[in-house]
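**Q**
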Amino acid sequence: MRISDRRFALYLMAPAGLFLAVFVAYPLFRLVADSFFKISPMAGGPRDFVGLDNYVRAFTSEAFMGAGWRTLAYTLVVVTLEFALGLGMALLFTTLGRKSEVWRTVFLYPLMIAPIVAGLLWKFLMIDNFGLIGTLLHQAGILQNPNQIGWLSNPDIVLFSVAVPDIWLTTSFMCLVLFAGLQNIPGDLIEAARLDGAKAPTLLFRIILPLLRPVIAVALVVRGIDAARAFDTILIQTNGGPQSASETMSLLIYRTMIRFGDPGLASAMGTIYLLAMLGVAFFAVATIWRPGKDN
Amino acid sequence: MSIAETRPTGGGTTGGNSAGELPHRPRHTGVVPAGPNNGQEAPTTAGNNRRRRHHAEGLEAGKRSTRTLLWILLAAAMVLYAFPFLYLLFTSFKTPIDTIAVPPTILPREWTLENYTNALGRSGVLASFINSAQTAIISTLLSLVLAVPAAYGITRYKTPSGRVFIMAALVTRMVPPVAIGIPLASMMATAGLADTPIALSIAHTTISLPLSIWLMSSFFEAVPQDLEEAATVDGCSRLGALWRVVIPVVSGGIAVTAIFAFLASWNEFLFALLMTAIRSQTTPVVIANFQTQFGLDWGSMTALAAVYSIPVILLTLLLQRKIVAGMTLGAVKG
């Protein structure tokens with residue numbers, strides 16, 4: 044007469060499950076299916092089955108391979124810098140103790156700002172001629188000319204410049220996670236090490252970082268996934284330019300789809316991108332993170 | 024974000040508050056999970072602590088000179104970190120010509136609201152605010168209605184299907200939006216929902232739902248099972264126990280989840296770019312369009328960006344206590 048707990052739980056999960064199936068799984072299925080066709084960008088246009096042709100085109104195209112490497116480089120730059128800065132801030136907040144609580148909250152505010160606004164803001168700071176950073180460096184006597192460094196116009200450095208807003212936005216997140224982890228390190232342990240005469244670097248590299256390992260893993264995985272999907276900040280700053288030097292995978296797929304009107308090729312690129320992301324993420328989740336294991 | 028929110032529910036960080044009331048109590052007891060022997064532990068270590076009071080507890084810096092140095096460092100970091108946004112605010116009050124003056128100045132030479140009147144007076148800008156709010160509200164509600172029962176089913180009954188489900192939700196978080204954006208847009212067009220806030224809020228829910236399920240699961244995890252068992256014994260149905268007993272207890276957690284779902288939608292750009300045209304355009308798209316449609320109108324762009332960011336910052340600051348309350352909820356159990 045009464046339904047079993049198991050079934051009850053299933054009923055509770057069904058609406059969300061159905062939603063994800065219809066609006067995530069099905070579009071993904073469409074994406075993979077489209078990748079085997081040559082599709083006219085016009086609505087109702089012809090669809091010709093071409094097998095793996097789109098994949099061959101993707102892997103042989105310079106734009107695709109370039110975007111892949113750039114996405115990897117971008118992700119590494121963002122995650123490394125965020126980790127270093129976030130850990131620094133978390134240690135600073137921890138060593139200052141409870142009195143820094145207000146500032147901890149203030150430090151979180153960039154997390155609320157839209158990426159598009161952050162990208163715009165940094166573009167405004169770095170842009171040639173009236174960008175403030177070049178001017179300030181010039182006034183400080185570091186640069187001879189405010190435009191000496193073309194932050195967003197020099198293809199050699201633009202990939203680093205477009206990463207700045209991303210780092211500015213989410214170092215707070217890294218700091219928040221690492222700070223929470225630091226609070227769980229037993230104080231006795233640190234004091235014992237101090238009494239044994241351990242200096243700050245030893246304390247950091249031999250005790251704190253090894254104890255933080257699981258937290259660090261989670262933070263790096265979460266941020267790595269987000270950084271590899273970056274779109275908003277780059278689009279608004281450079282739109283992938285100059286000379287595609289800041290064109291990451293999301294941007295390339297978007298442009299292939301919208302600008303070059305080749306949904307088939309874009310779908311193949313999207314499928315490869317998705318598989319690569321899932322592969323890395325699954326590996327990370329299964330080996331380092333293991334959600335639910337500690338609950 | 025999910026991790027950051029789930030961590031405090033482990034009971035660690037909140038103990039620090041009580042430690043602060045007892046001056047002799049070593050502060051690091053705050054990181055020991057709240058338990059009955061915490062109180063007994065205090066007197067024994069207190070003597071120790073008094074002898075080297077100036078010394079650090081745990082990782083806290085002890086020496087006054089070190090602390091001063093660290094405060095200076097923090098002040099410098101905060102100034103550097105806040106500066107870009109402050110510069111955006113200052114710029115928005117400049118005259119449109121001064122906005123792109125060479126060389127630029129930090130403070131406006133002349134304070135004016137001209138950029139604001141220009142930006143808000145442009146056609147479609149105010150409508151885009153309404154669209155953004157509408158989309159974010161629908162998406163938040165949808166997210167909560169779906170995530171709350173699902174998370175409860177996952178955490179309370181621990182069935183294999185629940186474990187599969189939370190993993191699936193996690194995997195969803197890894198899907199690049201650009202990969203599902205186009206198929207999703209064409210699905211919406213087929214359903215006759217093209218260029219509507221409903222379609223966009225459904226798309227945004229694909230982002231916020233996995234996050235909400237994850238967050239709500241950790242909040243439900245913190246609710247003692249006895250609570251609803253007592254309610255069921257008293258004759259409540261399982262659904263009744265969820266609605267009348269459990270939901271009120273996790274209301275703080277629901278508020279936190281709602282804030283994150285709202286923010287995810289309010290700030291989202293890619294889906295909005297792919298799925299909206301004129302009618303349902305949200306403000307991030309309008310901000311981006313300033314760049315192409317109207318040349319480079321930096322003044323209006325900064326003003327609009329400021330107007331769009333400030334409500335969210337204020338909202339978060341206002342509800343901050345609620346967020347803290349929600350996050351500490353887990354520590355109250357037992």
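Those protein sequence lines, which keep their order, are chains W and C. If you're matching positions, the first sequence starts at 44 in my numbering and goes up one per residue. If you're matching positions, the second sequence starts at 24 in my numbering and goes up one per residue. Built from N, CA and C at the ideal position, the CB exists for glycine as well.
Count the other C-beta atoms from every protein chain shown that fall within 10 angstroms of the C-beta of serine 240 of chain C, then say buried if there are 16 or more, exposed otherwise.
**A** That one is buried.
**Q** Looking at chain C, is there any beta carbon in it that lies within less than 9 Å of the beta carbon of asparagine 172 of chain W?
**A** So yes, asparagine 172 of chain W belongs to the interface.
**Q** Kindly indicate if chain W contains any beta-carbon less than 9 Å away from that of valine 256 of chain C.
**A** It does not: the Cβ of valine 256 of chain C has no partner Cβ on chain W nearer than 9 Å.
**Q** Given that arginine 249 of chain W touches chain C, what residues does it touch there, using C-beta distances under 9 Å?
**A** Simply none; closest approach about 14 Å.
**Q** Starting from the Cα of threonine 339 of chain C, find the closest Cα among C:Met298, C:Ala278 and C:Ala100 and give me that residue.
**A** Closest by alpha carbon: C:Ala278.
**Q** Could you check which residue in W:Phe167, W:Ile268 and W:Pro244 has the C-alpha nearest to that of phenylalanine 106 of chain C?
**A** Checked all of W:Phe167, W:Ile268 and W:Pro244; the closest Cα to phenylalanine 106 of chain C is W:Phe167.
**Q** If you measure from the beta carbon of alanine 100 of chain C to each beta carbon in chain W, is any gap under 9 Å?
**A** Yes, alanine 100 of chain C lies at the interface with chain W (some Cβ there is under 9 Å from its Cβ).
**Q** Ignore the nearest five residues each way along the sequence and tell me which others in threonine 360 of chain C's own chain have a CB closer than 7 Å to its CB.
**A** Chain C is shown from 24 up to 357; residue 360 of chain C falls before or after that span and cannot be answered.
**Q** Give the straight-line distance between the Cα atoms of alanine 295 of chain C and glycine 60 of chain W, rounded to the nearest whole angstrom.
**A** Near 24 Å, if we compare the C-alpha coordinates of glycine 60 of chain W and alanine 295 of chain C.
**Q** In chain C, which residues lie with their C-beta within 8 Å of the C-beta of proline 158 of chain W?
**A** Neighbours of proline 158 of chain W on chain C, chain order: Asn290 and Phe292.
**Q** Might you give, ordered along the chain, the residues of its own chain that have their beta carbon closer than 6 Å to the beta carbon of tryptophan 194 of chain W, omitting 5 neighbours on each side?
**A** So the list reads Met169 and Ser204, once near-sequence residues are dropped.
**Q** Give, in chain order, every unbroken run of the alpha helix (DSSP H) that is at least 4 residues long and sits entirely within the stretch 142-191 of chain C.
**A** Within the stretch 142-191 of chain C, the complete alpha helix (DSSP H) runs of at least 4 residues are 148-180.
**Q** For phenylalanine 303 of chain W, count neighbouring C-beta atoms within 10 Å of its own C-beta (all shown protein chains included) and say buried if the count is 16 or more, exposed if not.
**A** Result: exposed.
**Q** Answer yes or no: the CB of leucine 296 of chain C versus the heavy atoms of the ligand FAD, is any distance below 8 Å?
**A** Among the components modelled here there is no ligand, and therefore nothing to report on the ligand FAD.
**Q** Checking the sheet assignment: what are the DSSP bridge partners for arginine 90 of chain W?
**A** BP columns for arginine 90 of chain W point to W:Ile82.
**Q** Taking leucine 107 of chain W as the reference, give the member of W:Ile315, W:Phe325 and W:Ile176 with the closest Cα.
**A** Per the sequence shown, the amino acid found at residue 107 of chain W is phenylalanine instead of leucine. Among W:Ile315, W:Phe325 and W:Ile176, the Cα nearest to that of phenylalanine 107 of chain W belongs to W:Ile315.
**Q** Do glycine 230 of chain W and proline 257 of chain W have their C-beta atoms closer together than 9 Å?
**A** No, the pair does not count as a contact, with Cβ atoms beyond the cut-off.
**Q** Please name the residues in the stretch 275-301 of chain W whose beta-carbon is closer than 7 Å to at least one beta-carbon of chain C, in chain order.
**A** Under the 7 Å Cβ criterion, the stretch 275-301 of chain W contributes Asp275, Ile279, Ser293, Ile296, Tyr297 and Met300.
**Q** Just verifying my parser: in three-state terms, what is the DSSP assignment at valine 160 of chain W?
**A** The answer is helix: DSSP assigns valine 160 of chain W an H, G or I state.
**Q** Determine, for threonine 137 of chain W, whether the minimum Cβ-Cβ distance to residues of chain C falls below 9 Å.
**A** Interface residue, yes.
**Q** Do the stretch 242-255 of chain C and the stretch 114-124 of chain C meet, that is, are 3 or more Cβ pairs less than 8 Å apart?
**A** As far as the Cβ criterion goes, the stretch 242-255 of chain C does not touch the stretch 114-124 of chain C, which means the pair count is below three.
**Q** Could you tell me whether the Cβ of histidine 47 of chain C comes closer than 9 Å to any Cβ of chain W?
**A** With a pLDDT of only 37 at histidine 47 of chain C, under the threshold of 50, the placement of this residue in the model should not be trusted; the figure read from the coordinates follows. No, its Cβ sits nowhere closer than 9 Å to a Cβ of chain W.
**Q** Is it buried or exposed for glutamine 280 of chain W, if we count other Cβ within 10 angstroms and need 16 for buried?
**A** Buried.
**Q** I'd like the list of long-range same chain contacts for serine 231 of chain C, defined as Cβ closer than 8 Å, with 5 residues on each side in sequence excluded.
**A** If we look at serine 231 of chain C and ignore the five residues flanking it on each side, its Cβ neighbours are Ser162, Thr163, Ser166, Phe283, Ala284, Ala287 and Ser288.
**Q** Helix or strand or just coil, what does DSSP make of lysine 86 of chain C?
**A** Of the three classes helix, strand and coil, the one that applies to lysine 86 of chain C here is coil, per DSSP.
**Q** Please report whether the beta-carbon of phenylalanine 152 of chain C lies at a distance below 9 Å from any beta-carbon of chain W.
**A** No, its Cβ sits nowhere closer than 9 Å to a Cβ of chain W.
**Q** Give the straight-line distance between the Cα atoms of isoleucine 177 of chain C and valine 269 of chain C, rounded to the nearest whole angstrom.
**A** The alpha-carbon atoms of isoleucine 177 of chain C and valine 269 of chain C are separated by roughly 14 Å.
**Q** Could you confirm whether any beta carbon from chain W is found closer than 9 Å to the beta carbon of valine 55 of chain C?
**A** Any answer about valine 55 of chain C is weak, because its pLDDT of 33 lies below 50 and its placement is not dependable; what the coordinates show is given next. Yes, valine 55 of chain C counts as interfacial toward chain W.
**Q** Using a C-beta to C-beta distance shorter than 8 Å, which residues of chain W count as neighbours of glutamate 133 of chain C?
**A** The contacting residues do not exist; glutamate 133 of chain C stays about 17 Å from chain W at best.
**Q** Comparing the C-beta of isoleucine 123 of chain C with each C-beta of chain W, is any distance below 9 Å?
**A** Output row for isoleucine 123 of chain C: interface = yes.
**Q** Between C:Leu143, C:Asp257, C:Val187 and C:Glu252, which has its C-alpha nearest alanine 351 of chain W's C-alpha?
**A** An answer regarding residue 351 of chain W cannot be provided, because it is not within the stretch 44 to 338 covered by chain W.
**Q** Based on Cα-Cα distance, which residue from W:Ile156, W:Gly129 and W:Glu144 lies nearest to glutamate 291 of chain C?
**A** Checked all of W:Ile156, W:Gly129 and W:Glu144; the closest Cα to glutamate 291 of chain C is W:Ile156.
**Q** Is it right to say arginine 266 of chain W is buried, meaning 16 or more other beta carbons lie within 10 angstroms of its own, or is it exposed?
**A** Classification of arginine 266 of chain W: buried, given that the 10 Å Cβ count is 16 or more.
**Q** Could you compute how far the alpha carbon of methionine 300 of chain W sits from the alpha carbon of valine 330 of chain C?
**A** Going from the Cα of methionine 300 of chain W to the Cα of valine 330 of chain C covers about 32 Å.
**Q** Is there a Cβ from chain D that is less than 9 Å from the Cβ of glutamine 187 of chain W?
**A** The structure shown contains no chain D; its protein chains are W and C.
**Q** Rank C:Thr140, C:Ser151 and C:Leu93 by C-alpha distance to the C-alpha of phenylalanine 218 of chain C and give the top, closest one.
**A** Per the sequence shown, the amino acid found at residue 218 of chain C is aspartate instead of phenylalanine. Among C:Thr140, C:Ser151 and C:Leu93, the Cα nearest to that of aspartate 218 of chain C belongs to C:Ser151.
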